[in-house]
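In the UniProt record's numbering, the protein residues as written are 1 to 250. Built from N, CA and C at the ideal position, the CB exists for glycine as well. In what follows, a single structure is set out as structure tokens and then discussed.
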């Protein structure tokens, strides 16, 4: 089940939840059932004016659990690298800890990465990229994000730090803050140091790289930028780990 993050946060909850109108026979049967269980004593006719409070409570609890599940699925994305020999990362909506959990599922997005170029595309769009990231410079510490009609700059913070400074297509600046490349997590901050998203790879297994959680409402375009640049940050961290392991081995 897929639900856009923006649509979910903008949706208004109904103030009251009522049992849908049904036939008189159905109401009588429901009334008899409730009376037999000691839950209702009113006449069936009164059901037309006021629904049973027990049913209302049940519906409210059910809807609350349902919306909670939708929220969890809509703002969490699991990054899976299906093969070490294919230059792509598949992104699934929801929280998973093993690649076997998503074998029968369809990813929502795919990120392709090769050399200086990373791009993101919906998994069902014949792989047509929506946003492309092109890195520049000898050390690939800067680059640009290309949308349909807009361009946004990205760059690493300073000459030593591994933090990535990114911009959305409206010109707003954000920072992927990495405390340590050996650490299990990093966060995306806005200019006021508010956490917009966080990535956790502490429970990753085999092909599962980690889970990204969106903590604030974001637009569809910015969501794609977050997903794409998080993969860039992940590659930066993995390259650092590989270099550190090689140095220890020698």
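What does the alpha-carbon distance come out to for the pair residue i and residue j?
i           : j           : result
residue 164 : residue 232 : 9 Å
residue 119 : residue 243 : 25 Å
residue 202 : residue 186 : 11 Å
residue 208 : residue 99  : 6 Å
residue 138 : residue 151 : 21 Å
residue 166 : residue 140 : 14 Å
residue 191 : residue 175 : 8 Å
residue 29  : residue 74  : Its pLDDT being 47, under 50, residue 29 is placed unreliably by the model, and the measurement read from it follows with that caveat. Spanning the two alpha carbons is a distance of roughly 39 Å.
residue 131 : residue 88  : 15 Å
residue 246 : residue 182 : 15 Å
residue 106 : residue 156 : 33 Å
residue 103 : residue 112 : 19 Å
residue 24  : residue 80  : Low per-residue confidence applies at residue 24: pLDDT is 48, beneath 50, and the placement is therefore not dependable enough to give any value.
residue 129 : residue 121 : 4 Å
residue 86  : residue 217 : 32 Å
residue 215 : residue 95  : 14 Å
residue 180 : residue 241 : 11 Å
residue 149 : residue 171 : 14 Å
residue 321 : residue 101 : Any answer about residue 321 is impossible in this case: the structure gives the chain only from 1 up to 250.
Let me confirm a value: residue i is counted as buried when at least 16 other C-beta atoms fall within 10 Å, else exposed. Which label applies?
i           : result
residue 199 : buried
residue 36  : Reliability fails at residue 36, whose pLDDT of 47 lies under 50, so the model's placement of it is uncertain and no value is given.
residue 230 : buried
residue 21  : With a pLDDT of only 41 at residue 21, under the threshold of 50, the placement of this residue in the model should not be trusted, and no figure is reported.
residue 48  : Note that residue 48 scores a pLDDT of 45, beneath 50, so its modelled location is shaky; the value from the coordinates is reported in the next line. Exposed: under 16 other Cβ atoms inside 10 Å.
residue 184 : exposed
residue 143 : buried
residue 193 : exposed
residue 168 : buried
residue 110 : buried
Of the choices the options, whose alpha-carbon is the least far from that of residue i?
i           : options            : result
residue 237 : 223, 210, 222      : 210
residue 223 : 55, 82, 93         : 93
residue 228 : 97, 77, 179        : 77
residue 154 : 147, 161, 133      : 133
residue 239 : 80, 115, 90        : 115
residue 178 : 189, 168, 170, 169 : 189
residue 235 : 125, 162, 219      : 162
residue 197 : 225, 171, 170, 180 : 225
residue 147 : 123, 127, 221, 126 : 221
residue 213 : 82, 83, 84, 91     : 91
Helix, strand or coil for residue i per DSSP?
i           : result
residue 222 : helix
residue 240 : helix
residue 78  : strand
residue 229 : helix
residue 111 : strand
residue 84  : coil
residue 251 : In this structure the chain extends from 1 to 250, so residue 251 is not present and cannot be described.
residue 101 : helix
residue 214 : strand
residue 139 : coil
residue 130 : coil
Does the beta carbon of residue i fall short of 7 Å from some heavy atom of the ligand MG?
i          : result
residue 85 : What this structure holds is no ligand at all, so the ligand MG is not there to describe.
Note to self: To test your reading of the DSSP string, which unbroken beta strand (DSSP E) runs of 3 or more residues are found completely within the region 143 to 208?
What the structure shows: 151 to 156, 164 to 167, 173 to 177, 185 to 189, 195 to 200
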